[in-house]
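>
In my numbering, the protein residues as written are 50 to 206.
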């Protein structure tokens, strides 16, 4: 790779004209690239083909109206690339990257458990971090659940 952050951003823009919603450089060696959810699989495959072969993790957070998903990639050299996308909180579905990026399997299952995101096409969906008797439809990192816990805690002293 051995290219500058600016060269990396330009290459991404050239390969995905009109589909890169935003790019943001963070520090010297990290780039956040926002893409529509419909392009996340193709974009992640492109990153791997271009040398960002190591999916370090997938993280997510409930923003209220949407759930933000961040796919963190590294290669042998900087920069690190984080693909960012958002999906609706009331219909949290997105295509799974696991068929193309097997390392994503556990990260997607964890996000499903904690945020309720359905990764369509995941080859082995199912619980990962929550116990089997955890109530269906209760996602501990959703803002509504965090608010309920805070209210319970304040009532209990």
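All residues carry an ideal CB built from backbone N, CA and C; glycine is no exception.
(1) I need the boundaries of the beta strand (DSSP E) containing residue 154, first residue and last residue.
(2) DSSP on residue 77, reduced to helix/strand/coil?
(3) Determine the contact status of residue 80 and residue 92, defining contact as a CB-CB distance below 9 Å.
(4) Per DSSP, what are the beta-bridge partners of residue 120 in this structure?
(5) Assuming residue 124 contacts residue 100 (C-beta within less than 8 Å), just tell me the rounded distance between them.
(6) Is there contact between the stretch 153-165 and the stretch 173-180, where contact requires at least three CB pairs shorter than 8 Å?
(7) Which two residues bound the contiguous beta strand (DSSP E) that contains residue 55?
(8) So is residue 128 buried or exposed if we call it buried at 16+ other beta carbons inside 10 Å?
(9) Could you give the distance in angstroms between the alpha-carbon of residue 78 and the alpha-carbon of residue 117?
(10) Excluding five sequence neighbours on each side, which residues of the same chain lie with their C-beta closer than 6 Å to the C-beta of residue 149?
(11) Could you say which of 126, 63, 119 and 162 lies nearest to residue 184 if we only look at CA atoms?
(12) So, residue 82 versus residue 130, is the Cβ gap smaller than 9 Å?
(13) Short of 6 Å in beta carbon distance, which residues of its chain neighbour residue 121, apart from the five on each side in sequence? Order them along the chain.
With the structure as the only source:
(1) As a position in the chain shown, residue 154 is number 105, starting the count at 1. Careful: residue 154 lies outside any beta strand (DSSP E), inside the alpha helix (DSSP H) at 154-164.
(2) Translated into positions along the chain shown, residue 77 becomes position 28. Coil.
(3) Within the chain shown, numbered from 1, the residue matching residue 80 stands at position 31. Within the chain shown, numbered from 1, the residue matching residue 92 stands at position 43. No, the pair does not count as a contact, with Cβ atoms beyond the cut-off.
(4) Translated into positions along the chain shown, residue 120 becomes position 71. According to DSSP, which records beta bridges pairwise, residue 120 is partnered with 107 and 132.
(5) The count along the chain shown starts at 1 and reaches residue 124 at position 75. The count along the chain shown starts at 1 and reaches residue 100 at position 51. Yes, residue 124 and residue 100 are in contact; Cβ-Cβ is about 4 Å, under 8 Å.
(6) yes
(7) Within the chain shown, numbered from 1, the residue matching residue 55 stands at position 6. Unbroken run through residue 55 is the alpha helix (DSSP H), 54-64; no beta strand (DSSP E).
(8) Your numbering for residue 128 matches position 79 in the chain shown. So residue 128 ends up on the buried side.
(9) Looking up residue 78 in the chain shown gives position 29. Looking up residue 117 in the chain shown gives position 68. Near 22 Å, if we compare the C-alpha coordinates of residue 117 and residue 78.
(10) The sequence position of residue 149 within the chain shown is 100, counting from 1. Contacts found: 94.
(11) Start at 1 with the first residue of the chain shown, and residue 184 comes out as number 135. Residue 184 has its Cα closest to that of 162, out of 126, 63, 119 and 162.
(12) Position 33 of the chain shown, counting from 1, holds the residue named residue 82. Position 81 of the chain shown, counting from 1, holds the residue named residue 130. Going by C-beta atoms, residue 82 is nearer than 9 Å to residue 130.
(13) Position 72 of the chain shown, counted from the start, is the residue given in the question as residue 121. Closer than 6 Å at Cβ, skipping near neighbours: 105, 106 and 131.
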